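Residue numbers (full-length UniProt numbering): 1 to 603.
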């Protein structure tokens with residue numbers, strides 16, 4: 001009765017998959033390990049030469065100075081832009097008549113991927129703003145006047161630009177922007193504010209997205225070129241960020257700013273459409289490949305040399321398996337990005353693929369940063385000044401500055417000075433009641449053991465388990481909730497009469513994988529309550545043993561620490577995870593259909 005044609009088809013398909021799996025296993029076991037399969041080259045010879053030229057410029061003019069720029073909180077934008085402009089790198093796919101090279105987007109993709117080789121991702125982000133955010137719409141839809149006035153000097157590197165889209169109350173929700181302009185004769189009068197504007201403190205002009213009419217939110221916005229020295233533009237203090245510190249970021253206020261109406265790019269009301277071009281998301285995805293590769297490679301080199309318990313850390317199966325998983329994820333991401341680039345070059349609509357790339361790169365950068373940090377152990381918690389801090393405060397930037405992975409689960413505001421954190425939590429109301437009960441019972445049983453002397457580490461673990469259930473948890477998915485329940489059930493079954501730290505710690509480590517940011521806040525609170533100076537928690541794989549004041553090691557450490565910190569922030573721009581998921585669901589046809597409103601008839 002149940003053997004319908006569809007079930008038979010599924011059964012045959014499943015059998016085919018099983019046979020393929022067996023064949024693949026057989027192939028893997030019989031293949032000669034010395035056999036090398038030549039990797040397919042995505043970029044042709046000319047594109048590779050372009051990448052090599054960019055890398056040489058980066059290694060000569062940028063990487064030797066990134067530590068200084070990170071400390072200063074600003075990079076010399078005009079100097080670097082001029083160098084890139086003279087080399088022709090700022091207009092790779094822009095028209096020749098305005099100073100560009102007029103090459104196809106694949107060359108621009110090669111450029112964006114090469115930018116990832118900058119050892120301070122904030123600098124690459126600042127350059128990318130000019131090449132892939134402010135100028136594409138201008139080059140494609142701008143008037144001759146705007147191209148001569150703003151595009152040509154941007155391509156030559158004579159000016160620095162910034163993009164004005166995000167606002168305090170509207171980032172990923174572009175349709176909710178409040179900054180507006182009203183017509184006054186042949187001018188526009190602009191009022192409003194913009195937030196998180198990269199390059200704002202050094203920019204000569206801003207590509208501003210604002211409302212120019214009271215129509216529908218997707219049809220009332222325009223892109224306007226505005227010189228930053230125009231009267232009425234005010235910059236507040238530079239924003240002190242957790243990552244991307246070499247990139248200057250600010251808040252801009254517009255108070256009755258008057259600009260000519262001819263500064264509107266293309267047609268009035270088409271700004272939303274112009275800004276939704278997929279180049280920005282592709283640029284972000286491409287520029288994330290190299291930092292992740294560097295982070296994985298530096299970590300691999302470190303654990304190959306670092307010894308614990310008489311052997312290299314690399315001999316630990318979990319560690320080399322984990323690096324293999326990260327490398328696999330990275331190559332899968334690279335494949336989908338390259339596919340999207342190829343389709344984009346051929347004029348295909350890549351909205352769906354670009355959204356997938358943006359979603360995946362945002363998540364994978366955080367995963368790589370978290371995993372690599374664990375493998376560096378205590379070394380990963382040091383900063384550039386050889387001073388040990390609670391570095392996790394800077395590194396574990398909750399998965400939510402980008403709009404949050406769990407539907408606006410958490411919004412945090414940090415104050416890093418003197419290792420303090422001030423957080424405003426906006427979490428889901430998911431409180432797992434039986435978790436708290438289970439923890440209470442386990443703690444009671446543990447404390448009933450009079451002969452059990454708890455070490456400081458054990459006390460910290462007890463405190464952590466006790467506090468974890470008393471806080472609202474931002475449960476990202478049902479699987480995460482179920483996983484947490486299972487972990488706590490294991491704890492309660494195995495904690496019958498006493499606490500054993502070696503039994504507890506593996507489970508706590510698993511919880512940390514899901515709740516790292518929350519844990520770091522709790523640990524900071526704990527040390528503050530104990531009136532002790534904050535110290536970084538000892539990591540399981542490496543610890544602090546064998547710390548050497550070695551310049552070469554310190555150089556690698558600084559790079560990895562910065563990459564881990566900045567990778568955590570990589571998914572900020574270009575739309576939150578929910579936006580990418582919504583776009584993908586739209587193409588899959590899985591979005592719920594809103595109910596039709598009943599028509600009212602006049603009688």
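We put the beta carbon where it would ideally sit given N, CA and C, even for glycine.
Computed from a predicted structure; not experimentally measured.
Report yes if the CB atom of residue i is closer than 9 Å to the CB atom of residue j, and no otherwise.
i	j	result
residue 94	residue 102	yes
residue 205	residue 228	yes
residue 57	residue 89	yes
residue 116	residue 75	no
residue 135	residue 118	no
residue 141	residue 270	yes
residue 253	residue 164	no
residue 121	residue 243	yes
residue 284	residue 319	no
residue 189	residue 281	no
residue 336	residue 286	no
residue 113	residue 364	no
residue 108	residue 157	no
residue 106	residue 43	yes
residue 62	residue 160	no
residue 80	residue 50	no
Please classify residue i: does DSSP put it in a helix, a strand, or coil?
i	result
residue 75	coil
residue 306	coil
residue 288	coil
residue 160	coil
residue 182	strand
residue 264	strand
residue 94	coil
residue 108	helix
residue 34	Note that residue 34 has pLDDT 34, beneath the 50 cutoff, so the model's placement of it is unreliable and the number below is only indicative. The answer is coil: DSSP assigns residue 34 none of H, G, I, E or B.
residue 311	strand
Step through the CB atoms of chain C and report whether any lies within less than 9 Å of the CB of residue i.
i	result
residue 330	No chain C is part of this structure, which consists of one protein chain only.
Roughly how many angstroms separate the alpha carbons of residue i and residue j, rounded to a whole number?
i	j	result
residue 211	residue 45	45 Å
residue 208	residue 64	34 Å
residue 583	residue 352	7 Å
residue 327	residue 303	16 Å
residue 344	residue 96	21 Å
residue 322	residue 231	55 Å
residue 78	residue 295	29 Å
residue 47	residue 55	12 Å
residue 147	residue 305	54 Å
residue 186	residue 342	43 Å
residue 236	residue 214	29 Å
residue 475	residue 371	Low confidence applies here, because residue 475 scores a pLDDT of 35, under 50, leaving its location unreliable; read the following figure in that light. Those two C-alpha atoms are separated by around 21 Å.
residue 162	residue 150	12 Å
residue 379	residue 299	11 Å
residue 331	residue 292	11 Å
residue 182	residue 217	16 Å
residue 395	residue 368	Confidence at residue 395 is low in this model, with a pLDDT of 28, below 50, so the placement of that residue is unreliable and no value is reported for it.
residue 261	residue 580	33 Å
residue 314	residue 69	34 Å
residue 234	residue 255	8 Å
residue 180	residue 194	11 Å
residue 585	residue 355	10 Å
residue 98	residue 82	16 Å
residue 143	residue 317	60 Å
residue 339	residue 100	25 Å
>> Using 8 Å as the cut-off, can you tell me whether the segment 205-223 makes contact with the segment 259-269, which would need three or more C-beta pairs spanning the two stretches below that distance?
In response: Yes, the segment 205-223 is in contact with the segment 259-269.
**Prompt:** Taking contact to mean at least 3 C-beta pairs separated by less than 8 Å, is the segment 309-317 in contact with the segment 115-134?
**Reply:** Flag = no, the segment 309-317 and the segment 115-134 do not touch.
Contact the segment 271-290 vs the segment 164-183: 3+ CB pairs below 8 Å: For the pair of segments examined, the segment 271-290 was found to touch the segment 164-183: the number of CB pairs separated by less than 8 Å reaches three.
query = Would you say the segment 190-202 touches the segment 244-252, given that touching needs at least three Cβ pairs under 8 Å?
reply = Segments in contact, yes.
Please go through the UniProt domain "Acyl-CoA oxidase/dehydrogenase middle" (162-257) and give each complete beta strand (DSSP E) segment of 3 or more residues, from N-terminal end onward. Whole beta strand (DSSP E) segments, 3+ residues: 180-184, 187-198, 205-211, 221-227 and 233-235.
Discussion item. Give the list of continuous alpha helix (DSSP H) stretches no shorter than 4 residues that lie fully inside the segment 327-354.
Written reply: None, since the segment 327-354 contains no complete alpha helix (DSSP H) of that length.
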